Amino acid sequence: MTTINLESQAILEAKGLGKYFQVGGGFRPKRLRALHEVSFALGQRQVVALVGESGSGKSTIARLLVRLMEPSSGKIFFRGRDILQEEPRTASLAYRAQVQMIFQDPFGSLNPVHTIGNHLERPLLLHGKAKGDAELRDRVHELLETVELKPAAEIASRYPHQLSGGQRQRVAIARALAPGPSVILADEPISMLDVSIRVGVLNLMERLKEERGISYLYITHDIASARYFADRTMVMYAGHIVEGAPSEELMHRPAHPYTQLLLSAVPDPNGSMKSELRAKSGAPKLIDPPPGCPFADRCPSVMKVCRQEMPGTTQLEQNRWVRCHLFGQGAESGTVGLQGMSAAGPGSVLPVGVAS
Ligand code: SF4
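Residue numbers (the numbering used here): 1438 to 1793.
Here's what the structure looks like:
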């Protein structure tokens, strides 16, 4: 049994979150493991990136945290309150005001028959942030100017198809800001944008972090953008978080073979990145998965024990940890270094309790 020692100053915490789906019918339905016992904490004014390939469980985490779906197991704490235990209707409106989400497709997330002004008025009214037409209009213009869309009055009167992709994503950010959130879950917010405007959107999000104290869970398959934007990066594979570290350290000294594989695919202008890493292709087995490490079938360093036991958490340094048998200790105890991790200070994102 894993000891849980949650970071007390974290804003949003996931504790042992799991999500399973039943697939197939008949007498022998199977179980798809989308997420398995994931725990972490997000601190004030902090950006944490979740990096991994499609199907690794990144977006499932965001959807559970924003309560678009219910977890199969585990808990979610917001400012220390157990959100899943609260009365559903009242808790969910107040919670949703504080924890907002931005989606990958800015066009798909906007209603084509509503003006940009309509999109922003709705959350303002729903969360009681404006009364009367004049105040509503002023607040809409204020939000548009905050995300650098000007002239605000003209933008407010347009429809989504009259804006560029980058402008639409800025509208989506403005809509997320409307209720005054302290956390934004950004699910691949720049992956559908032209390369030339991606940095502008990330810079906007960074400015909002500084000005409004917003924390971000930044979900991406692009490990290079995580390095640019995130304070910390956690790597996901097959529903597990397999490594977590400050972003710069993770990029320079990746420990887990999967993290090394991800980084080996990033073009390196200095030519210093080792590219000799070779991993087998293939997808992890998520339906009725076998015991052991989910990366075993692709890992160039696989050992016998990898197919028998799921590796535990090994703390490499303060704020830096990995789940891999190559790092030995912790594979059996399941409580490696939690004291040291919890002493990392406010705002740290920690593997506060990775249950195996
Ligand atoms: Fe590779 Fe084994 Fe580490 Fe898994 S536990 S990443 S299979 S060495």
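All C-beta atoms in this analysis are idealised placements derived from N, C-alpha and C, irrespective of residue type, glycine included.
Source: prediction; values computed, not measured.
task: Inspect the CB distances between the region 1653 to 1661 and the region 1463 to 1474 and report whether three or more fall short of 8 angstroms.
output: no
message: Measuring only from the beta carbon, is M1740 closer than 7 angstroms to any heavy atom that is part of the ligand SF4?
response: Reading the sequence shown from its first residue, position 303 is the one you call residue 1740. Indeed, a heavy atom of the ligand SF4 lies less than 7 angstroms from the Cβ.
message: Can you tell me whether L1547 is buried or exposed? The criterion is at least 16 other CB atoms within 10 Å of its CB, across all chains shown.
response: The residue given as residue 1547 occupies position 110 in the sequence shown. Label assigned to L1547: buried.
task: Kindly indicate which residue of L1561, S1493, I1610, R1516 has the alpha-carbon position closest to the one of P1543.
output: Working through the sequence shown from its first residue, we reach residue 1543 at position 106. When each option's Cα is compared against that of P1543, the closest is I1610.
task: Put K1587 into one of helix, strand or coil per three-state DSSP.
output: Taking the first residue of the sequence shown as position 1, residue 1587 is located at position 150. Here K1587 sits in coil by DSSP.
message: Here's the rule: buried if 16 or more other CB atoms are within 10 angstroms of the residue's CB, otherwise exposed. What is N1640?
response: The residue you call residue 1640 lines up with position 203 of the sequence shown. It counts as exposed.
field: Element boundaries [beta strand (DSSP E), containing S1510]
entry: Locating residue 1510 in the sequence shown gives position 73, counting from the first residue. Unbroken beta strand (DSSP E) run through S1510: 1510 to 1515.
message: Bridge partners for M1673 per DSSP, in chain order?
response: For the purposes of this step, residue 1673 is taken as residue 236 along the sequence shown, with counting starting at 1. In DSSP, M1673 forms a bridge with I1678.
task: Determine the extent of the beta strand (DSSP E) in which G1461 is found, giving its start and end residues.
output: The sequence position of residue 1461 within the sequence shown is 24, counting from 1. No beta strand (DSSP E) contains G1461, which DSSP labels as neither H nor E.
- request: Check whether the Cβ of P1728 lies closer than 7 angstroms to any heavy atom of the ligand SF4, and answer yes or no.
  value: Translated into positions along the sequence shown, residue 1728 becomes position 291. Incorrect: P1728 has no Cβ contact closer than 7 angstroms to the ligand SF4.
message: Can you tell me where the beta strand (DSSP E) holding V1488 begins and where it ends?
response: Numbered from 1 along the sequence shown, position 51 holds the residue referred to as residue 1488. It spans 1484 to 1488 - the beta strand (DSSP E) in which V1488 sits, taken as one unbroken run.
query: Should L1753 be listed as close to the ligand SF4, given that the test is whether its C-beta is under 7 angstroms from any heavy atom?
result: Mapped onto the sequence shown, residue 1753 falls at position 316. Because no heavy atom of the ligand SF4 lies under 7 angstroms away, the Cβ of L1753 does not count as near it: no.
task: Spell out a yes or no on whether the region 1549 to 1557 and the region 1508 to 1515 are touching, meaning 3 or more CB-CB pairs, one atom from each, closer than 8 angstroms.
output: no
- prompt: If you run the structure through DSSP and keep just helix, strand and coil, what is K1566?
  reply: As a working mapping, residue 1566 is identified with position 129 in the sequence shown. The answer is coil: DSSP assigns K1566 none of H, G, I, E or B.
query: Who does K1452 pair with in a DSSP beta bridge?
result: The residue given as residue 1452 occupies position 15 in the sequence shown. Paired residue(s): K1512.
message: Any contact between the region 1694 to 1705 and the region 1729 to 1741? By contact I mean 3 or more CB pairs, one from each, below 8 angstroms.
response: yes
query: To which residues does DSSP link E1754 through a beta bridge?
result: Numbered from its first residue, the sequence shown carries residue 1754 at position 317. According to DSSP, E1754 bridges with R1757.
field: Buried versus exposed call for Q1745 [16 or more other C-beta atoms within 10 Å across all chains shown]
entry: What you label residue 1745 is simply residue 308 of the sequence shown in a count that begins at 1. Looking at its Cβ environment, which holds fewer than 16 other Cβ atoms inside 10 Å, Q1745 is exposed.
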